[in-house]
Amino acid sequence: NAGVTQTPKFQVLKTGQSMTLQCAQDMNHNSMYWYRQDPGMGLRLIYYSASEGTTDKGEVPNGYNVSRLNKREFSLRLESAAPSQTSVYFCAIRQGHTEAFFGQGTRLTVV
Amino acid sequence: GESVGLHLPTLSVQEGDNSIINCAYSNSASDYFIWYKQESGKGPQFIIDIRSNMDKRQGQRVTVLLNKTVKHLSLQIAATQPGDSAVYFCAEGNNNAGNMLTFGGGTRLMVKP
Chain A
63 NAGVTQTPKF
73 QVLKTGQSMT
83 LQCAQDMNHN
93 SMYWYRQDPG
103 MGLRLIYYSA
113 SEGTTDKGEV
123 PNGYNVSRLN
133 KREFSLRLES
143 AAPSQTSVYF
153 CAIRQGHTEA
163 FFGQGTRLTV
173 V
Chain B
3 GESVGLHLPT
13 LSVQEGDNSI
23 INCAYSNSAS
33 DYFIWYKQES
43 GKGPQFIIDI
53 RSNMDKRQGQ
63 RVTVLLNKTV
73 KHLSLQIAAT
83 QPGDSAVYFC
93 AEGNNNAGNM
103 LTFGGGTRLM
113 VKP
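If you want it as structure tokens, here you go:
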């Protein structure tokens with residue numbers, strides 16, 4: 063989707079490996095979010111950043127860390143990947159209480 | 003339209019018919035609600051939103067109805083087209099909850115030509 067870029071699009075990790083998912087926006091929105099979506103399920107919030115310099119836990123933060131590097135970028139880190147973290151990860155942005163714009167997703171498989 | 007594990011509720015409609023997708027929400031303090039459409043392999047896309055002080059809002063071919071008494075939200079799609087085939091999610095938000103959006107489990111809409 064225009065405005066929100068996620069990298070990589072696909073990734074396969076071995077159990078115990080670490081990686082960082084990147085999200086960058088060009089819409090100058092204050093709030094950024096990381097969600098995970100498991101097969102046949104809705105989106106669950108991992109972490110969010112209401113504004114530059116702040117981060118807060120969402121519904122399922124365990125096993126993840128985040129960094130709001132600047133207003134444009136919000137990264138999600140898996141320090142020691144587990145098979146239970148196999149999922150599709152979406153980054154989203156919002157300005158206030160308006161609609162959220164989502165990236166195209168990162169498909170992560172942990173074997 | 004709540005998730006039942008790996009199997010999404012599915013609504014199958016004939017092209018040209020109207021579709022009604024339902025969502026039960028849990029937080030009576032939610033200030034607004036949003037419907038999203040997710041096509042295969044893509045991120046969710048905004049369809050329409052409604053504030054908690056409203057009970058109906060209309061867009062292009064879509065109408066959202068909100069019944070706060072029973073905490074129920076519905077999305078009506080008029081003259082459903084094959085391009086409407088997707089998974090639809092409702093989300094609720096609270097002005098005092100740090101811009102968090104909580105998503106429901108989703109409903110798969112299949113349009114038969």
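Going line by line, the protein sequences match chains A and B. Residue numbering for the first sequence follows the numbering used here, starting at 63 and increasing by one per position. Residue numbering for the second sequence follows the numbering used here, starting at 3 and increasing by one per position. The C-beta atom is built at its ideal place from N, Cα and C for all residues, glycine as well.
Discussion item. Whole angstroms are fine: how far does the CA of LYS71(A) sit from the CA of THR168(A)?
Written reply: Here residue 168(A) refers to the residue found at position 106 when the first sequence is read from its first residue. Here residue 71(A) refers to the residue found at position 9 when the first sequence is read from its first residue. Distance between the alpha carbons of THR168(A) and LYS71(A): 4 angstroms.
Worksheet item: From this set, GLY45(B), SER87(B), SER42(B) and SER21(B), which residue's C-alpha is nearest VAL66(B)'s C-alpha?
Response: Residue 66(B) sits at position 64 when you count from the first residue of the second sequence. The shortest C-alpha to C-alpha distance from VAL66(B) to any of GLY45(B), SER87(B), SER42(B) and SER21(B) is the one to SER21(B).
Practice prompt. Say whether chain A places a C-beta atom closer than 8 angstroms to the C-beta of ILE79(B).
Written response: Numbered from its first residue, the second sequence carries residue 79(B) at position 77. Not an interface residue.
Item to complete: Look at the alpha carbon of SER30(B) and the alpha carbon of LYS70(B), and state the distance between them as a whole number of angstroms.
Response: In the second sequence, residue 30(B) corresponds to position 28, counting from 1. In the second sequence, residue 70(B) corresponds to position 68, counting from 1. The straight-line gap from Cα to Cα measures roughly 7 angstroms.
Worksheet item: In the stretch 85-125 of chain A, which residue ranges form an unbroken alpha helix (DSSP H) of at least 4 residues, counting only runs that do not cross its ends?
Response: None, since the stretch 85-125 of chain A contains no complete alpha helix (DSSP H) of that length.
Worksheet item: Which residues in chain A sit within 9 angstroms of PHE91(B), going by Cβ to Cβ distance?
Response: Counting from one through the second sequence, the residue named residue 91(B) turns up at place 89. For a Cβ distance threshold of 9 angstroms, residue set GLY104 and LEU105 of chain A lies close to PHE91(B), ordered along the chain.
Practice prompt. Tell me whether ASP33(B) sits in a helix, a strand or coil according to DSSP, three-state version.
Written response: Residue mapping note: residue 33(B) aligns to position 31 of the second sequence, counting from 1. For ASP33(B), the three-state secondary structure derived from DSSP is coil.
Worksheet entry | Helix, strand or coil at GLN147(A) according to DSSP, with G and I counted as helix | Position 85 of the first sequence, counted from the first residue, corresponds to residue 147(A). Helix.
Worksheet item: Tell me which same chain residues have a C-beta within less than 7 angstroms of the C-beta of GLN16(B), skipping the five on either side of it?
Response: The sequence position of residue 16(B) within the second sequence is 14, counting from 1. Scanning its chain for C-beta atoms nearer than 7 angstroms, with the 5 sequence neighbours on each side dropped, one finds around GLN16(B) the residues LYS114, in chain order.
Discussion item. Taking a contact to mean a Cβ-Cβ separation below 8 angstroms, would you say ARG98(A) touches VAL122(A) in this structure?
Written reply: Taking the first sequence and counting its residues from 1, one reaches residue 98(A) at position 36. Taking the first sequence and counting its residues from 1, one reaches residue 122(A) at position 60. The answer is yes: Cβ separation under 8 angstroms.
Worksheet entry | Exposure label - GLN147(A); buried when at least 16 CB within 10 Å | Within the first sequence, numbered from 1, the residue matching residue 147(A) stands at position 85. Classification of GLN147(A): buried, given that the 10 Å Cβ count is 16 or more.
Worksheet item: Quick one: Cα of ARG134(A) to Cα of GLY18(B), how far?
Response: In the first sequence, counting from the first residue as 1, residue 134(A) sits at position 72. In the second sequence, counting from the first residue as 1, residue 18(B) sits at position 16. Cα to Cα, ARG134(A) sits roughly 42 angstroms from GLY18(B).
Fill in: Below-8 angstroms beta-carbon distance, GLU135(A) vs any chain B residue
Position 73 of the first sequence, counted from the first residue, corresponds to residue 135(A). No, GLU135(A) does not count as interfacial toward chain B.
Item to complete: Pick helix, strand or coil for GLN157(A), following the three-state DSSP scheme.
Response: On the first sequence, position 95 is the one that residue 157(A) refers to. Looking at GLN157(A) - three-state DSSP - the assignment turns out to be coil, as it is neither helix nor strand.
Worksheet item: If you measure from the beta carbon of PHE35(B) to each beta carbon in chain A, is any gap under 8 angstroms?
Response: Locating residue 35(B) in the second sequence gives position 33, counting from the first residue. No, no contact with chain A.
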